[in-house]
Amino acid sequence: MINISLLLAFVLVANCAQHSVKFGKKCTQTAKDGTYEKSFVWIVNNKINPDFDKKITRQNCISAES
């Protein structure tokens, strides 16, 4: 229970900074060697990479897992 509370506190604090927290199953596009990244929580710095929202989508998970 403490671990869940700490994780929730971290997500809330990270969201207050210059980051954006994305929830839900999202994946990156499949690389040439067939690898991809999948996560349910993404913490994104929008100032460094404003196009990152386009790189992680649910559609990428469907195409990567099939």
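Quick note: to get this note's numbering, add 211 to the position in the sequence shown (first position is 1). All C-beta atoms, glycine included, are put in the ideal place defined by N, C-alpha and C. None of the values given here were measured: they were computed from a predicted structure.
Could you check what DSSP says for residue i in three-state terms: helix, strand or coil?
| i | result |
| --- | --- |
| LYS233 | strand |
| LYS258 | coil |
| SER274 | helix |
| LYS249 | strand |
Pull the bridge partners of residue i from the DSSP assignment, please.
| i | result |
| --- | --- |
| SER216 | Bridge partners of SER216: none, in fact. |
| THR239 | BP columns for THR239 are empty, so no partner. |
With a Cβ-Cβ cutoff of 8 Å, do residue i and residue j count as a contact?
| i | j | result |
| --- | --- | --- |
| PHE251 | LYS236 | yes |
| HIS230 | ILE254 | yes |
| SER274 | THR241 | yes |
In angstroms with no decimal places, state the Cα-to-Cα distance between residue i and residue j.
| i | j | result |
| --- | --- | --- |
| GLY245 | ARG269 | 17 Å |
| GLU248 | VAL232 | 16 Å |
Tell me, to the nearest whole angstrom, how far the beta carbon of residue i is from that of residue j; I am working on the premise that it is less than 8 Å.
| i | j | result |
| --- | --- | --- |
| THR239 | ASN214 | Incorrect: roughly 26 Å between the Cβ atoms, too far for contact. |
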